[in-house]
Amino acid sequence: MSSEDRRLVAVVTGANRGIGKAIVRRLLLQATVPLIVYLTARSVERGQQTFDELRREQLRWPAEESTQQLQNELRFHQLDVSDIDSIHTFIEYLTLMHGEQSVDILINNAGGVVHQQPNTDDEGPGRVVRTCDAKTAYQTVHMNYFTAVNMTSLMLPRLRPNGRVVFMVTALAHLGIFSGDLPKVLVSDELNLNGLHIIENGFISAVGKGTYSAYGFPPMPFAVAKAGLIAYARMLARVFAPDPRGLLFAAVCPGYVRTDMTGPYAPLTPDQGAETPAYVALVDAKRLRRHNGGLWKQLRPLKW
Numbered sequence: 181m182s183s184e185d186r187r188l189v190a191v192v193t194g195a196n197r198g199i200g201k202a203i204v205r206r207l208l209l210q211a212t213v214p215l216i217v218y219l220t221a222r223s224v225e226r227g228q229q230t231f232d233e234l235r236r237e238q239l240r241w242p243a244e245e246s247t248q249q250l251q252n253e254l255r256f257h258q259l260d261v262s263d264i265d266s267i268h269t270f271i272e273y274l275t276l277m278h279g280e281q282s283v284d285i286l287i288n289n290a291g292g293v294v295h296q297q298p299n300t301d302d303e304g305p306g307r308v309v310r311t312c313d314a315k316t317a318y319q320t321v322h323m324n325y326f327t328a329v330n331m332t333s334l335m336l337p338r339l340r341p342n343g344r345v346v347f348m349v350t351a352l353a354h355l356g357i358f359s360g361d362l363p364k365v366l367v368s369d370e371l372n373l374n375g376l377h378i379i380e381n382g383f384i385s386a387v388g389k390g391t392y393s394a395y396g397f398p399p400m401p402f403a404v405a406k407a408g409l410i411a412y413a414r415m416l417a418r419v420f421a422p423d424p425r426g427l428l429f430a431a432v433c434p435g436y437v438r439t440d441m442t443g444p445y446a447p448l449t450p451d452q453g454a455e456t457p458a459y460v461a462l463v464d465a466k467r468l469r470r471h472n473g474g475l476w477k478q479l480r481p482l483k484w
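Start counting the sequence shown at 181; every next residue gets the next number (the numbering used here).
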């Protein structure tokens, strides 16, 4: 077995900036487990720039640390998680480089927020009313839910024994934002992927008809999409429980982090936001298995 075969393979999507970039940096800095870390990005130019920047940083790390940490190798590959062909091309490359079972850690970080103009009502000057339009709902749910599900579904057969999948979510996507039967349905052991797709598509449809509140949805596309990923992580842990590979799944809230998406006033740096996802990616499997499919924040499991 070559030295490369003894290293774990980690993939981080949407990693050319913000939290994704910070997660890659944290994985490279750890010296516990030798890693090959794939920084992936939709843009070749921006991804390559980030790769070059992190490689320069890695070469400047203190000499007493470099012996261990330079076992961790950074690689870049273009990946557009919204494009099925792009996902297939990346998986074919991983298979060529590392074999049929080629990945130990998948961190689904790619996603974003679709901004819309706030509306005001007549009850006071400048009073913002939380609204949601069909286009925003469609784009947000597809950008944050369906892309991560597609990426994970195609990657699942490629995961190695004890492989783990991390979904980046938000604690704002808690069950309390839903009403009616939705909270019970989202945590049901009877919920399958088709049913979860129906819920997410149903939200989009209900927004278009103006009936989302009647169906128990909040006017919060980003939170609805991320709640879908939290439910998906729970579902995967249940469905793959009999799998002999012992796969592990987690949804992680990084906290309110300063990024291009959130703006300059969020209290946490990207590096602080990357702490928990990097921890969950590498923590002892026994601890993660006790909370398989669970939600994490600030290095601890969090009740959904």
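A virtual CB, placed ideally from N, CA and C, is assigned to each residue, including glycine.
Cβ pair residue i, residue j closer than 8 Å
i, j, result
"F429", "A413", "yes"
"E253", "I216", "yes"
"R425", "G343", "yes"
"M323", "G291", "yes"
"I267", "Y318", "no"
"P481", "G474", "yes"
"L339", "L234", "no"
"Y395", "G408", "no"
"L239", "G227", "no"
"L276", "V283", "no"
"G390", "N289", "no"
"M415", "L371", "yes"
"P214", "R186", "yes"
"A465", "I287", "no"
"D367", "A314", "The question names Asp, yet the displayed sequence has Val at residue 367. No. Outside cutoff."
"T320", "V294", "yes"
"H278", "V189", "yes"
Residue i (DSSP reduced to helix, strand or coil)
i, result
"H268", "helix"
"T320", "helix"
"L259", "coil"
"R469", "helix"
"D369", "coil"
"D451", "helix"
"R186", "helix"
"F383", "helix"
"V293", "coil"
"L482", "strand"
"R197", "coil"
"G474", "strand"
"G360", "coil"
"G343", "strand"
"N252", "coil"
"V349", "coil"
"D301", "Confidence is the limiting factor: at D301 the pLDDT is only 40, short of 50, which leaves the residue's position unreliable, though a coordinate-based value still follows. Reduced to three states, the DSSP call for D301 is coil."
"V460", "helix"
"V191", "strand"
"V329", "helix"
"T275", "helix"
"V283", "strand"
"R206", "helix"
Whole-Å CB distance - residue i paired with residue j, under 8 Å assumed
i, j, result
"I285", "V191", "7 Å"
"F270", "F231", "With a Cβ gap of about 15 Å, F270 and F231 do not count as contacting."
"T327", "V224", "With 8 Å as the limit, T327 and V224 do not qualify as a contact, their Cβ atoms being about 18 Å apart."
"I410", "W484", "6 Å"
"V173", "P422", "Here the chain comprises residues numbered 181 to 484, so residue 173 is not present and cannot be evaluated."
"G198", "A221", "Not confirmed; about 11 Å, so no contact."
"D369", "R418", "6 Å"
Cβ-heavy atom distance, residue i to the ligand NAD, below 7 Å
i, result
"L427", "With respect to the ligand NAD, the structure offers nothing, as it holds no ligand at all."
C-beta neighbour in chain D for residue i, strict 8 Å
i, result
"C312", "Going by chain labels, chain D is absent from the structure shown, which holds only one protein chain."
Q: Determine contact between the region 201 to 217 and the region 443 to 454, defined as no fewer than three beta-carbon pairs at a distance below 8 Å.
A: yes
Q: Mind listing, in chain order, the continuous beta strand (DSSP E) runs of no fewer than 3 residues lying wholly within the region 389 to 445?
A: 428 to 433
Q.
Pairs of beta-carbons, one from the region 375 to 391 and one from the region 425 to 439, closer than 8 Å: are there three or more?
A. no
Q) Using 8 Å as the threshold, is the region 331 to 341 in touch with the region 390 to 408, meaning 3 or more CB pairs across them? A) no
Q.
Please give the ranges of any alpha helix (DSSP H) in the region 215 to 245, keeping only runs that are unbroken, at least 4 residues long and fully inside the region.
A. 224 to 240
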